[in-house]
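K.L.:
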Amino acid sequence: MKVAVIGAGSWGTTVAALTSANAPTVLWAREARVVDGVNATHRNTDYLTEIELPETLQATGSLAEACTGADVVVMGVPSHGFRAVLTEARPSIAPDAAIISLSKGLEQGTVLRMTQVIAEVLPDHQADRIGVLSGPNLASEVALGQPTATVIALGDAELADVLQRLFMTRTFRVYTNPDVVGCEIAGALKNVIAIAAGIAHGLGYGDNTKAALITRGLAELARLGVALGGDPLTFSGLAGMGDLVATCTSDKSRNRTVGVALGQGRALDEIVAEMKMVAEGVKSTEAVLELGRREGLELPIAEQVGAVLYEGRTPAEIVPALMLREAKPELRGMR
-5 MKVAVIGAGS
5 WGTTVAALTS
15 ANAPTVLWAR
25 EARVVDGVNA
35 THRNTDYLTE
45 IELPETLQAT
55 GSLAEACTGA
65 DVVVMGVPSH
75 GFRAVLTEAR
85 PSIAPDAAII
95 SLSKGLEQGT
105 VLRMTQVIAE
115 VLPDHQADRI
125 GVLSGPNLAS
135 EVALGQPTAT
145 VIALGDAELA
155 DVLQRLFMTR
165 TFRVYTNPDV
175 VGCEIAGALK
185 NVIAIAAGIA
195 HGLGYGDNTK
205 AALITRGLAE
215 LARLGVALGG
225 DPLTFSGLAG
235 MGDLVATCTS
245 DKSRNRTVGV
255 ALGQGRALDE
265 IVAEMKMVAE
275 GVKSTEAVLE
285 LGRREGLELP
295 IAEQVGAVLY
305 EGRTPAEIVP
315 ALMLREAKPE
325 LRGMR
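Here this note's numbering is used: the first residue of the sequence shown is -5, the next is one more, and so on.
1. Would R250 and A301 qualify as a contact pair, given that the criterion is a beta-carbon distance under 8 Å?
2. For A91, is the classification buried or exposed, using 16 other Cβ atoms within 10 angstroms of its Cβ as the cut-off for buried?
3. Thinking C-alpha only, which one of L47, S56, N16 and A(-2) is nearest E25?
4. Suppose only complete runs of 4+ residues qualify. What are the alpha helix (DSSP H) ranges in the segment 257 to 315, listed by chain order?
5. Out of curiosity, what's the CA-to-CA distance linking V136 and R167?
6. Please return the same chain residues whose Cβ sits closer than 8 Å to the Cβ of A121, not counting the five positions on each side in sequence.
7. Among G103, A240, R307 and I208, which one has its Cα closest to the Cα of E280?
8. Going by DSSP in three states, I87 sits in which element: helix, strand or coil?
9. Where A182 and R27 are concerned, what is the direct C-alpha to C-alpha distance, given to the nearest angstrom?
10. Looking at C-alpha atoms only, which residue of T7, L21 and L106 is the closest neighbour of S278?
11. Residue range of the alpha helix (DSSP H) that V206 falls in?
12. May I ask you to report which of helix, strand or coil DSSP gives Q110?
13. For the segment 112 to 194, which segments carrying the alpha helix (DSSP H) assignment without a break, of at least 4 residues, lie completely within its bounds, in sequence order?
14. Is the closest heavy atom of the ligand ZN to the C-beta of M162 under 7 Å?
15. Quick one: complete beta strand (DSSP E) runs, 3+ long, within the segment 57 to 85?
16. State the CB to CB distance for the pair V282 and L100, rounded to an integer number of angstroms; the pair is presumed to be in contact (CB under 8 Å).
17. To the nearest angstrom, how far is the alpha carbon of G1 from that of V126?
18. Should Q298 go down as buried or exposed, given a rule of 16 or more other Cβ atoms within 10 Å for buried?
19. How would you label E44, buried or exposed, when you count the other beta carbons within 10 angstroms and need 16 or more for buried?
20. Just reading off the alpha helix (DSSP H) that D4 is part of, what are its end residues?
21. For R5, which option in P309, A205 and G129 has the closest C-alpha, if you only look at C-alpha atoms?
22. Classify L47 as helix, strand or coil using the three-state DSSP reduction.
23. Throw me the rounded Cβ distance for the L51 and A83 pair, which I believe falls under 8 Å.
24. Is the segment 190 to 210 in contact with the segment 239 to 255, if contact means three or more CB pairs nearer than 8 Å?
25. Between the segment 234 to 249 and the segment 289 to 296, are three or more C-beta pairs nearer than 8 Å?
26. Just to check my reading of the structure: V111 and A64 have Cβ atoms closer than 8 Å, yes? What is that Cβ distance to the nearest angstrom?
27. Candidates L232, N16, P141 and S97: which alpha carbon is nearest T170's?
28. Straight-line CA distance for N202 to G192?
29. Does the beta-carbon distance from A190 to L207 come in below 8 Å?
30. Would you report the Cα separation of I265 and G75, rounded to the nearest angstrom?
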């Protein structure tokens, strides 16, 4: 089995290191210096600079070289560049290859999930061989070998078992789940909730406030995900609650970091300009809100985050706006 990992950010590089322990893996990077660093010094010179990568992992700047003959293509490209890179790689992707997305975002404009983008770019590809890897997986911790777990979501159960073994290591436990929709929606919306949790922290609110935001954020994940066809149980699992907790509480979370800085009074443009990596929630909030509108759903936390990101509302207005909403029963509010 040959694996191609497309995208050499922190998570793409980490996943490539994981799979290289179980199968020949090629990592595609846009930047020549990253390719040279991985091949010559076994380090990613732009991301994860302190992590020594396996000597068996090879890098290339050629999409054709990476994808030709690959049995598994792992897309580690942010949502805003996902379609363009996949379109370029398309001629080199085998029709029966498994294609797995690592991106936790939605495409701007179309509001499509990444597996839907894959299906559009590769219309003849088998739908049940297109899936997603998602869970509480902060790249630097996984790269260091700290124990965690994740979900591989795929329609083809037999292939999911094969990929489970491909991605799994002694410290990276992999579960299978057929709910591609639920896992993707949870991954996209949890980034939005993490911005809200970061804002609360930046404003100086305590653990009670953040716990309430996370819990009600989970209700929003489930509400949108179920409306779009996801399994309710997915949202209490690793791709739902697990990823939400990690992203909302960790200092390593890019989306939480954006929220903290906003809560401290910094301007969004300034925050984003300083970040080396993409905070998907900044771009995905608008798409999440559009999906909510299409389904006629209330997504109050996402709506407040959107108001701060796009409408000039001050972060200090978020919590009062949420606290003064119409009172309602908790379980009814989950729907």
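Here a beta-carbon is modelled for each residue, glycine too, at the ideal position from N, C-alpha and C.
P.N.:
Taking the definition as stated:
1. Residue 250 sits at position 256 when you count from the first residue of the sequence shown. Residue 301 sits at position 307 when you count from the first residue of the sequence shown. Taking the C-beta atoms as reference points, A301 is found no nearer than 8 Å to R250.
2. Numbered from its first residue, the sequence shown carries residue 91 at position 97. Classification for A91: buried.
3. The sequence position of residue 25 within the sequence shown is 31, counting from 1. Answer by Cα proximity: S56.
4. 262 to 268, 274 to 289 and 294 to 305
5. As a position in the sequence shown, residue 136 is number 142, starting the count at 1. As a position in the sequence shown, residue 167 is number 173, starting the count at 1. Cα to Cα, the separation comes out at about 11 Å.
6. The count along the sequence shown starts at 1 and reaches residue 121 at position 127. The residues are A113 and G149.
7. Locating residue 280 in the sequence shown gives position 286, counting from the first residue. Comparing C-alpha distances from E280 to each of G103, A240, R307 and I208 shows the shortest one belongs to G103.
8. Indexing the sequence shown from 1 puts residue 87 at position 93. Residue state, collapsed to three classes: coil.
9. The residue given as residue 182 occupies position 188 in the sequence shown. The residue given as residue 27 occupies position 33 in the sequence shown. Approximately 30 Å between the Cα atoms of the pair.
10. Position 284 of the sequence shown, counted from the start, is the residue given in the question as residue 278. Here the closest residue by C-alpha is L106.
11. One-based indexing of the sequence shown puts residue 206 at position 212. One point to set straight first is that residue 206 is Ala, not Val, in the sequence displayed. Per DSSP, A206 belongs to the alpha helix (DSSP H) from D201 to A221.
12. Working through the sequence shown from its first residue, we reach residue 110 at position 116. DSSP places Q110 in helix when its eight states are reduced to three.
13. 133 to 137 and 151 to 161
14. Absence of the ligand ZN is noted for the structure shown, with no ligands found whatsoever.
15. 66 to 69
16. As a first step, residue 282 is located in the sequence shown; it is residue number 288 there, counting from the start. As a first step, residue 100 is located in the sequence shown; it is residue number 106 there, counting from the start. About 7 Å separates the two Cβ atoms, so the contact holds.
17. Against the sequence shown, residue 1 aligns to sequence position 7. Against the sequence shown, residue 126 aligns to sequence position 132. G1 and V126: Cα-Cα distance of roughly 15 Å.
18. One-based indexing of the sequence shown puts residue 298 at position 304. Q298 is buried by the Cβ-count criterion.
19. Start at 1 with the first residue of the sequence shown, and residue 44 comes out as number 50. Classification for E44: exposed.
20. By 1-based counting over the sequence shown, the position of residue 4 is 10. One point to set straight first is that residue 4 is Ser, not Asp, in the sequence displayed. Start and end: S4 to T13.
21. On the sequence shown, position 11 is the one that residue 5 refers to. Strictly speaking, residue 5 in this sequence is Trp, with Arg absent from that position. Closest option to W5, Cα to Cα, is G129.
22. Looking up residue 47 in the sequence shown gives position 53. L47 falls in the coil class under three-state DSSP.
23. The residue labelled residue 51 in the question sits at position 57 within the sequence shown. The residue labelled residue 83 in the question sits at position 89 within the sequence shown. Going by Cβ atoms, the distance from L51 to A83 rounds to 19 Å, so no, they are not a contact pair.
24. yes
25. Pairwise C-beta distances place the segment 234 to 249 out of contact with the segment 289 to 296, as fewer than three of them are shorter than 8 Å.
26. Against the sequence shown, residue 111 aligns to sequence position 117. Against the sequence shown, residue 64 aligns to sequence position 70. That pair is no contact at about 19 Å.
27. Indexing the sequence shown from 1 puts residue 170 at position 176. That would be L232, whose Cα lies nearest to the Cα of T170.
28. Position 208 of the sequence shown, counted from the start, is the residue given in the question as residue 202. Position 198 of the sequence shown, counted from the start, is the residue given in the question as residue 192. About 14 Å.
29. Here residue 190 refers to the residue found at position 196 of the sequence shown. Here residue 207 refers to the residue found at position 213 of the sequence shown. Cβ atoms of A190 and L207: closer than 8 Å.
30. Counting from one through the sequence shown, the residue named residue 265 turns up at place 271. Counting from one through the sequence shown, the residue named residue 75 turns up at place 81. If you take the alpha carbons of I265 and G75, they lie about 20 Å apart.
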